[in-house]
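Read through the structure below, which is laid out as structure tokens, and then see the notes.
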Amino acid sequence: NELQDWLKRASKVGHIEYFVCEPKFDGASLNLIYENGVLKQAISRGDGSVGEDITVNAKTIQSIPLSIEYDGLIEIRGEVVIKKDDFDKINEQRIKDDEAPFANPRNAAAGSLRQLDSSITAKRKLSIFCYEIGSTDNLNIGKHWEMLDYIRSIGLPVSPLSKKVEGSDEMIKY
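Going by the working numbering, the sequence shown opens with residue -3, and the numbers climb by one from there.
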């Protein structure tokens, strides 16, 4: 019922061609800033007002390309996660090494990004799923699905679970 009510309100704004369904990952937010195709900076959410520069550690994440096809400045937003199987392996090793296991994958991902030793970050098997374009010099994309397609086209990972759907039945099925 809440979905139907929301759809009625949304349709008052205008014709809705489609919807994008995608998972909400519980990881660590990361903004990637590329300048003329080169990764210049990776910034975490920090304290919510001021981000933390974690570029050195972000460069150890295999799914983050160090360069992309883009002229100018572009900021890509994503969520850094540890997949459940990798999280379980990390905790098994921590227990073998007489270290306390991580409480959950989100904390492990966030803590891994903040490591002072980037070699530790590199061992943690972090992944990123990009979901949005932030600041950009010369790009104008109006629809979310087109934005996800563009992000994929320049070599950044987008969740394979993202899906374009039409109407409430497809949303519910998703």
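Ideal placement from N, C-alpha and C gives every residue a C-beta, glycine not left out.
Cross-strand partners of residue i (DSSP beta bridge)
i	result
residue 15	161
residue 27	39, 73
residue 62	Looking at the DSSP assignment, residue 62 forms no beta bridge with any residue, so it has no partner.
residue 132	70
CA-to-CA distance, residue j to residue i, given in whole angstroms
i	j	result
residue 131	residue 94	44 Å
residue 16	residue 68	28 Å
residue 167	residue 161	6 Å
residue 119	residue 5	47 Å
residue 57	residue 146	21 Å
Cβ-heavy atom distance, residue i to the ligand FAD, below 6 Å
i	result
residue 58	By its list of ligands, the structure shown contains no ligand whatsoever, and the ligand FAD lies outside what it can speak to.
DSSP state of residue i mapped onto helix, strand, coil
i	result
residue 1	helix
residue 9	coil
residue 122	strand
Where residue i falls, given that 16 or more other Cβ within 10 Å makes a residue buried
i	result
residue 42	exposed
residue 105	buried
residue 75	buried
Beta-carbon proximity check, residue i vs residue j, cutoff 7 Å
i	j	result
residue 40	residue 28	no
residue 158	residue 135	no
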